[in-house]
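Residue numbers (my numbering): 1003 to 1061.
Ideal Cβ positions, reconstructed from N, Cα and C, are used throughout, including at glycine.
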């Protein structure tokens, strides 16, 4: 089934180590660089669209 092959994507804004140990489908997206770049782009009145094209997962 498709749901069995799916992953659950979460951000690293709150700890969820216990949940990751209980569910191997959970993948974490580190958003620290994303937030920093968003702040920089907003401050400089630049486009934000680039930020949504380059998201990676950490294990």
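Just to confirm my understanding: we take residue i, look at its own chain, exclude 5 residues before and 5 after, and list those with CB closer than 7 angstroms. What are they?
i	result
residue 1022	1028
residue 1040	1050 and 1053
residue 1004	none
Considering only C-alpha positions, which residue in the set the options is nearest to residue i?
i	options	result
residue 1011	1032, 1024 and 1046	1032
residue 1014	1044, 1055, 1037 and 1049	1037
residue 1025	1050, 1009, 1034 and 1048	1009
Name the two residues that bound the continuous alpha helix (DSSP H) containing residue i.
i	result
residue 1022	1019-1024
residue 1034	1034-1045
Cutting at 8 angstroms between CB atoms, please list the residues of its own chain near residue i, excluding the five before and the five after it.
i	result
residue 1018	1012, 1028 and 1030
How far does the beta strand (DSSP E) with residue i in it extend, from its first residue to its last?
i	result
residue 1028	1028-1031
Considering only residues of the same chain and omitting the five flanking positions on each side of residue i, which have a CB-CB separation below 6 angstroms?
i	result
residue 1043	1050
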